[in-house]
Amino acid sequence: MLSSVLDDSSALTLVHPSSGDREWWRSSVIYQIYPRSFRDLNGDGVGDLQGITAELATLAELDIDAVWLSPFYRSPQKDAGYDVADYCSVDPIFGTLEDFDALITEASRHHIRVIVDLVPNHCSDAHPLFQAALAAGPGSPERDMFIFRDGTGENGDTPPNNWQSHFGGPAWTRITEPDGTPGQWYLHLFDSSQPDFNWDSPAVHAEFERILRFWLDRGVGGFRVDVAHALIKKTGLPDWGGRADGSSSEGYPGSEAPMFGQPGIHDIYRSWRNILDSYDGDRVLCAEATIDPIERLTDWVRADEMHQTFNFAYLHHPWHAPALRHVIESSLRAFDQVGAPTTWVLSNHDVVRHVSRFGITTHQDRPGDGIGAADPQPDHGLGISRARAATLLMLGLPGGVYLYQGEELGLPDHTRLPDEFRQDPTFHRTAGERLGRDGCRVPLPWTSEAPALGFSAAGGSWLPQPEEWQHLARDVQRQDRDSTLNLYRTALDLRRKLDLGNGSLAWLTGYPDSVLAYVNGNIAALMNMGSDAVPLPQGELIACSRNGAVYDGFLLPDNSAWVRLD
């Protein structure tokens, strides 16, 4: 019997001890808001800051520590705000600086910090600094703030190197000089409307230190740093035959990608950490850094650099218990080496929502690039069962957690979104070969019987919502004690009360390889990723992933549970 196995100390394999450190960010629950899709209060079909402020009390019911806002700065919106034209303003589609200040005030009233998205690798081609660079000409201080190079070939009509954009196509665009002649090329790792800054320029450093202080002075709790590993490029900009995103591929380890993970980047974050530490309130930096293996990622969260970094290995884990166990253990051991918390995340604005990912039962070439109407459709019943199980398992882990808006409602991707509505530049730059990320960015359903499912006061919606989302609306789920929303509320409440985020992790042995089982304090968490029911350890069942997940003391497949051990 497993209950007797628990009496034998050899049945527990300690991976991560609990820590006496109690800074809020070590065990935080941070809720990502994609502003254009959260709530529209002014009726134009696009979410806004006032809509966020109006629903902070609702978010407080989830017992979160902070919200992270995707970009709301002034922007041409060619990449949903990640093409910034003014880092110290609010785009009119989202509101005003006064609206932002009101949001900060209301969030503070609910003891919620506000973390803003910072985009330091690139800006919009409409940014005044880039426009000044175009006008000033080659060799000017203005142009030195960006990465301009002469082309190769007889007439300079070939790009400076072979780098490719994340969004498809070359990572270089040639300009016309002020005198009308074909000119230099500028680097853009993303869309051509997003020129990369040159972080070898002291002027760029000074500009972003000014931006940091602007928002810190307005009371933000910190920054999520977009593409945090890309700021410094290798001297000479050598050719690269690997993946555009710098991930490892055969013959091209990610550690050698010349546009990512260069050593000089860490001096930037040390200087930023000093700025944040000069403010009260324990402000934080979180890196979005796509770095492998996990041991290299810890360089971003050494004691004098960032506080957290996203764990993409966990985000992309397959539905396979040994692989997931490896990710959890390697993450905890690696981050423990530098005294930093591990973070866990299942969805965000750049990937297919985990309800849909876990419902894919056949091989698909492009689930990371969206699922379209012509693709095999996910099994929603299987997906929601596995998603709820994965959520409960994740919320029992020690460290920080990131939630993506709508996952608490069990939302899938809009997998049948008509192509004529797609706005992601990835879709357009690849002529539809890559669908892009619109499917995970569809506006939220708030009220089942209202136009646009309560998202907009006027019934508009910048992306259409699937009809089947009506039964997933928040007002419906509030009334259903077995809903996904109430699972999140229950699990997050228990996570806080039991202090699981500051806890320990030991593997619980005696289960098949298809079962993930660990103990945090006196709470055993199990997820059954196999095809057969497995017995729970002896103790009090305090949470399970769905009604019917446990039958006669056995945990059924594609479910998870928490047990308070005797």
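1 is the number of the first residue of the sequence shown in the UniProt record's numbering; add one for each residue after it.
Ideal Cβ placement from N, Cα and C applies to all residues, glycine included.
No experiment lies behind these values; they were computed from the predicted model shown.
Asked	Found
Using 8 angstroms as the threshold, is the C-beta distance between A289 and W300 below it?	yes
Could you name the residues that DSSP lists as bridge partners for R258?	Per the sequence shown, residue 258 should be read as Pro rather than Arg. Per DSSP, none; premise fails for P258.
When the distance is taken between beta carbons, is I265 closer than 8 angstroms to I291?	no
Given that a residue counts as buried once 16 or more other Cβ atoms are within 10 Å of its Cβ, and exposed if not, what is L14?	exposed
In the DSSP assignment, find the alpha helix (DSSP H) that holds M394 and state where it starts and stops.	H380 to L395
Could you check the C-alpha separation between N161 and D239 for me, to the nearest Å?	6 angstroms
Just checking my contact of V46 with I93 at CB under 8 angstroms: how many whole Å lie between their CB atoms?	5 angstroms
Checking 8 angstroms against the spacing of the C-beta atoms, do W462 and R109 come in under that value?	no
Using DSSP's beta-bridge definition, name the partner residues of W172.	L187
Quick check: the region 518-534 against the region 394-407, are at least 3 beta-carbon pairs closer than 8 angstroms?	yes
Could you check the C-alpha separation between L411 and L285 for me, to the nearest Å?	28 angstroms
Does D532 pass the burial test, meaning 16 or more other C-beta atoms within 10 Å, or should it be called exposed?	exposed
For the beta strand (DSSP E) containing G539, name the first residue and the last one.	G539 to C544
Which residues mark the beginning and the end of the alpha helix (DSSP H) in which Q50 is found?	L49 to A54
By DSSP, does P202 sit in helix, in strand, or in coil?	helix
Report buried or exposed for Q308, applying the criterion of at least 16 other Cβ atoms within 10 angstroms of its Cβ.	buried
Where T490 and D482 are concerned, what is the direct C-alpha to C-alpha distance, given to the nearest angstrom?	10 angstroms
What is the rounded straight-line gap between the Cα of I523 and the Cα of Y488?	17 angstroms
Excluding sequence positions up to five away, which residues of its chain have a Cβ less than 7 angstroms from the Cβ of R302?	V338
Looking at the structure shown, is C286 part of a helix, part of a strand, or coil, going by DSSP?	strand
Using a Cβ-Cβ cutoff of less than 7 angstroms, which residues in the same chain neighbour R270 once the five nearest sequence positions on both sides are dropped?	D304 and E305
Run through the DSSP bridge pairs and tell me what R489 is partnered with.	Paired residues: none, contrary to the question.
Residue range of the alpha helix (DSSP H) that S356 falls in?	H354 to R357
Rounded to whole angstroms, what is the Cα-Cα separation between R26 and N502?	7 angstroms
Could you give the DSSP three-state label for R22: helix, strand or coil?	coil
Please report the straight-line C-alpha distance between G432 and G439, rounded to a whole angstrom.	14 angstroms
So which of R273, Y186, R243 and P512 has the shortest CA-CA distance to T176?	Y186
Are the region 118-128 and the region 82-97 in contact at 8 angstroms, needing three or more beta carbon pairs?	yes
Measure from the alpha carbon of L276 to the alpha carbon of each residue in G251, F214, R325 and F260, then state which is nearest.	F214
Indicate whether G383 and V351 have their beta-carbon atoms separated by less than 8 angstroms.	no
Let me make sure I understand the geometry here. Which of L49, I30, L315 and R149 has the alpha-carbon closest to that of E106?	L49
Within the continuous alpha helix (DSSP H) that includes D117, where are the two ends?	First-last for D117: R113 to L118, but that is the beta strand (DSSP E), not the alpha helix (DSSP H).
Quick one: using the 10 Å Cβ neighbour count with 16 as the cut-off for buried, is K497 buried or exposed?	exposed
Which residues in the same chain have their Cβ closer than 7 angstroms to the Cβ of D99, if we skip the five residues on either side of it in sequence?	L49, Q50 and V90
For the beta strand (DSSP E) that A313 lies in, which residues bound it at each end?	Segment F312 to L315 is the alpha helix (DSSP H) holding A313; no beta strand (DSSP E) there.
Note down, in chain order, each residue of its chain lying with its Cβ closer than 6 angstroms to the Cβ of A60, except the 5 sequence neighbours on either side.	H110
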